[in-house]
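Residue numbers (this note's numbering): 50 to 399.
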Ligand code: 0RA
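See below:
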């Protein structure tokens with residue numbers, strides 16, 4: 050988990066949520082509910098396919114028990130999916146289990162409800178069927194181990210911030226957060242517009258240059274690129290980049306490709322329309338990013354995370370991919386929307 054402090058503690062929740070997100074990415078799940086209970090145990094419930102429960106022939110126990118007790122056994126068998134895990138954390142739900150005083154898993158699958166309880170990662174008894182169900186899903190409830198973590202008190206805002214971010218990055222996924230401690234509190238994160246709604250949210254208190262964020266999406270060499278951007282009248286830059294749902298705070302090749310294309314496209318438009326008459330040189334990268342709010346989200350097969358905090362995307366082919374997609378889509382947008390393009394150029398010149 051990386052730490053026994055607050056960071057590691059909250060990671061427990063995100064680790065379980067990541068498994069549900071994997072189901073959502075593959076369109077098996079459209080709702081995730083996270084509940085903080087009064088004793089600081091947490092429930093993560095999804096309506097995905099459910100963890101397989103049948104007997105695992107090699108292990109001679111249920112697949113459910115294998116997934117919950119063996120390191121890296123949680124991986125999907127359909128390797129073609131872009132898994133969220135394999136990035137920063139991705140240690141698997143078995144680690145959450147090992148670091149919990151107790152954990153209870155309930156799976157609805159194959160017409161039944163199955164349940165198993167563990168203490169500090171050890172099953173109390175084999176998984177067994179406790180009922181019937183026509184639906185599917187997985188529900189995990191765990192109490193972090195006080196012998197391991199310095200504190201087991203969850204912070205609502207830390208959970209809310211990441212869950213909101215995940216909802217922005219997964220358009221149409223509904224994520225519900227409930228806090229049963231003290232005065233009950235809950236929020237629902239659901240954004241039909243995905244990262245377009247993210248940009249609108251980041252600019253919610255700003256005067257924007259154009260009502261609708263500029264957005265485009267394309268796939269090249271198996272890399273899915275989604276970008277949304279919107280200018281406001283401030284001088285700040287707000288830039289959020291992601292690779293496989295991991296916030297790449299240290300940047301990387303996707304950011305370099307985007308920034309290079311943005312500078313180039315704006316200069317090209319300005320030159321072609323004779324808007325740089327009073328300037329001795331081209332607009333710089335910093336010029337064109339004043340007042341910019343942008344979100345870029347990539348999905349790729351083998352993300353290379355580098356840097357101090359492993360939040361810098363290193364894949365070298367990604368720079369050219371993002372650059373060419375941005376050049377093409379953004380110049381097309383400028384050609385079709387001259388008033389917006391001119392406004393952006395004038396602000397950059399200023
Ligand atoms: C292994 C295989 C399959 C699904 C899952 C794990 C799974 C794990 C979690 C953890 C939380 N929610 C989850 N939902 C699913 C695929 C099973 C299949 O092929 O049907």
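Even glycine gets a Cβ: it sits at the ideal position worked out from N, Cα and C.
Exposed or buried, which one is residue i when buried takes at least 16 other CB atoms within 10 Å?
| i | result |
| --- | --- |
| residue 126 | A caution first: residue 126 carries a pLDDT of 44, below 50, which makes its placement in the model too unreliable to give a value. |
| residue 51 | exposed |
| residue 128 | In this prediction, residue 128 has a pLDDT of 45, which is less than 50 and means its spatial position is unreliable; nothing more can be read from the coordinates. |
| residue 366 | exposed |
| residue 137 | Note that residue 137 scores a pLDDT of 41, beneath 50, so its modelled location is shaky; the value from the coordinates is reported in the next line. By the 10 Å Cβ count, residue 137 comes out buried. |
| residue 326 | exposed |
| residue 352 | buried |
| residue 322 | exposed |
Where does the unbroken alpha helix (DSSP H) through residue i begin, and where does it stop?
| i | result |
| --- | --- |
| residue 82 | Element bounds for residue 82: not the alpha helix (DSSP H) but the beta strand (DSSP E), 80-85. |
| residue 302 | 302-321 |
| residue 366 | 366-385 |
| residue 72 | 55-74 |
| residue 152 | Here residue 152 belongs to no alpha helix (DSSP H); instead the beta strand (DSSP E) covers 149-158. |
Would you mind working out which of the options sits nearest residue i, comparing C-alpha positions?
| i | options | result |
| --- | --- | --- |
| residue 344 | 330, 323, 371, 198 | 371 |
| residue 362 | 313, 387, 299 | 299 |
| residue 158 | 149, 147, 185, 174 | 185 |
| residue 262 | 247, 330, 271, 272 | 247 |
| residue 373 | 55, 311, 112, 92 | 311 |
| residue 161 | 268, 179, 376, 253 | 179 |
| residue 333 | 322, 166, 315 | 315 |
| residue 72 | 58, 88, 183, 96 | 96 |
| residue 101 | 111, 236, 68, 270 | 111 |
| residue 169 | 383, 183, 150 | 150 |
| residue 93 | 347, 377, 65 | 65 |
| residue 259 | 141, 282, 288 | 282 |
| residue 190 | 212, 175, 84 | 84 |
| residue 330 | 398, 204, 379, 218 | 398 |
Just confirm the distance between the C-beta atoms of residue i and residue j, as a whole number of angstroms; I'd bet it's less than 8 angstroms.
| i | j | result |
| --- | --- | --- |
| residue 118 | residue 143 | 6 angstroms |
| residue 279 | residue 342 | 5 angstroms |
| residue 286 | residue 338 | 5 angstroms |
| residue 238 | residue 211 | Going by Cβ atoms, the distance from residue 238 to residue 211 rounds to 10 angstroms, so no, they are not a contact pair. |
What residues match up with residue i in a beta bridge as DSSP calls it?
| i | result |
| --- | --- |
| residue 343 | 278, 288 |
| residue 272 | 269 |
| residue 296 | 291 |
| residue 238 | 224 |
| residue 354 | 362 |
Would you mind reading off the limits of the beta strand (DSSP E) that contains residue i?
| i | result |
| --- | --- |
| residue 91 | 91-95 |
| residue 186 | 186-193 |
| residue 178 | 177-181 |
| residue 168 | 161-168 |
Please decide whether residue i counts as near chain B, where near means a Cβ-Cβ distance under 7 angstroms.
| i | result |
| --- | --- |
| residue 80 | Going by chain labels, chain B is absent from the structure shown, which holds only one protein chain. |
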